DNA sequence: TAGATTGTTAATCGATTAACAATC
DNA sequence: TAGATTGTTAATCGATTAACAATC
């Protein structure tokens, strides 16, 4: 994750964010192993999939509990199940989507990629009047004005912003003012928000624009 | 960035990866400021947009040069231009897209979101025969078998993988065997690759699955 | 049991921050 | 000039890794 952008010192827990960000990676590796019928793995094997030492994996895993089989390693299944539970991926969380255009559709596709339906899109909105009434994922796109009412009446936990950059801040404000503290933002603008709000900027540019640095470097080194 | 996944100790440079990952964030802030007609900013103001101290911003910026106006701050325009150049965003880089389905379309939409056309999709492929011949972004989707030839004959630098998980490794191997060292992966599977390959896993699940941990925590705290 | 791997502590490494002289 | 902010060094903080006793 591109760290930081706005203040997200969201620490109501004692698990360091660096560790928390590695846990989903472990989960994917465990899934892969499970598909290959591997029953038991160990920190050394897991480390071959990542840029970390086995000792770090062992340390990370102690945050979620002690599931190691001494002298053997870890049961893939047990570890996977516990990781999922620990990360809250065994539950389903209601979200609202704001932005029903191209970006919104892409956002939905990407979010729905994962098998376990952890993120459930409960309603969709758009700031643009001529988007209202269209459909996304069989849901009617509603007027942004009605977002507040939905947030007040339904058990929504997460807001997904997929608007154009100039709507991002307005939308984020509505969300935060209606006790939404978790925001996934696909737009290229990062809104300023109170520190207690956990904001994830998924704009891929953010992640990919440091790649070109290396590309440029290697070109310079050649010449 | 969710760190690591496969080994990508790609350090042909002396700028730490943590710093490199913050530079695109600075760039976005500078763009925002420029849109608001702000001509000069300073490390204190920039820090209000992020979870870092002003001194860190100053330190980060020294990696790209000394553009500060002593006693004044930084010219938004000068800093922005230099950052862009430093990151290689003033150039255009040819890419190939593999995967022309839903995920591929989403990938393309997201990549094209950014104004500056840094990433140019030069050709598209798909492992599935019944996708061949269809079109994505006005380009004809080609058979995966022809990927190798394209890589041999054209100046492609980056591979974008947007296949289903079970094709990811195969596709990645073809890319790497044809001297592609930069891979952007939208699929949910992270291929094992040589250390010198720079792989960015943009699977949003990876970024979002630590959010549910906090969500679960705050629910537990309530009860 | 011997061998292997965990869980955990202590040592190392690197990143962040505070402080301040240099500069406009 | 006085005031402000940079660039940079030194101090602090935290994360990674090595080492090893405990355990199966």
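Chains as they are written, first to last, in the working numbering: chain A, 513 to 735; chain B, 513 to 735.
We put the CB at the ideal spot given by N, CA and C, even for glycine.
Bear in mind that the values here come from a model prediction, so they are computed numbers and not experimental data.
Assigned with DSSP and collapsed to three states, residue 619 of chain A falls in helix. Using a Cβ-Cβ distance cut-off of 8 Å, the segment 603 to 613 of chain B and the segment 630 to 644 of chain B are in contact, since at least three pairs of beta carbons, one from each stretch, lie closer than that value.
Per DSSP, the unbroken beta strand (DSSP E) holding residue 607 of chain A starts and ends at 605 to 610.
Judged by DSSP in its simplified three-state form, residue 717 of chain A adopts helix.
With respect to the C-alpha of residue 591 of chain B, the residue from B:599, B:584 and B:579 having the closest C-alpha is B:579. Across the structure, residue 623 of chain B and residue 615 of chain A are spaced so that their CA atoms are roughly 11 Å apart.
Taking residue 724 of chain B as reference, the option from A:693, A:650, A:674 and A:545 with the minimal CA-CA separation is A:693. With fewer than 16 other Cβ atoms from the protein chains shown falling within 10 Å of its own Cβ, residue 560 of chain A counts as exposed. Assignment of residue 702 of chain A by DSSP, reduced to helix, strand and coil, places it in the coil class.
In this structure, DSSP gives residue 592 of chain B a helical state, which the three-state scheme calls helix. Interface annotation for the segment 715 to 733 of chain A against chain B: 715, 716, 717, 718, 719, 720, 721, 722, 723, 724, 725, 726, 727, 728, 729, 730, 731 and 733, criterion Cβ-Cβ distance under 9 Å. Within the segment 579 to 612 of chain A, the residues whose Cβ lies closer than 8 Å to some Cβ of chain B are 598, 599, 600, 601, 603 and 605, listed in chain order. The Cβ atoms of residue 619 of chain B and residue 698 of chain B lie closer than 9 Å to each other. At a beta-carbon threshold of 9 Å, the residues of chain B lying near residue 623 of chain A are 716, 717 and 720, ordered along the chain. Taking 9 Å as the threshold, the shortest C-beta distance from residue 698 of chain B to chain A falls below it.
For residue 559 of chain A, the enclosing alpha helix (DSSP H) starts and ends at 555 to 559.
For residue 690 of chain A, there is no enclosing alpha helix (DSSP H), since its DSSP letter is neither H nor E.
Secondary structure of residue 546 of chain A (DSSP, three-state): helix. Under the 8 Å Cβ criterion, the segment 669 to 685 of chain A does not count as touching the segment 572 to 589 of chain A, having fewer than three qualifying pairs.
By the Cβ neighbour-count rule, residue 658 of chain B is exposed, with fewer than 16 other Cβ atoms within 10 Å of its own. When rounded, the separation of the alpha-carbon atoms in residue 613 of chain A and residue 566 of chain A is 44 Å.
Under the DSSP assignment, residue 569 of chain A falls in the alpha helix (DSSP H) whose first and last residues are 566 to 574. Annotation for residue 632 of chain A: the continuous beta strand (DSSP E) segment containing it runs 631 to 638. Residue environment analysis places residue 577 of chain A among the exposed positions, since fewer than 16 neighbouring C-beta atoms fall within 10 angstroms of its C-beta. Between residue 653 of chain B and residue 647 of chain B the beta-carbon gap is near 7 Å, inside 8 Å, which marks them as a contact.
Of all residues in the segment 629 to 662 of chain A, only 630 and 631 come within less than 9 Å of chain B when Cβ atoms are compared, listed by chain position.
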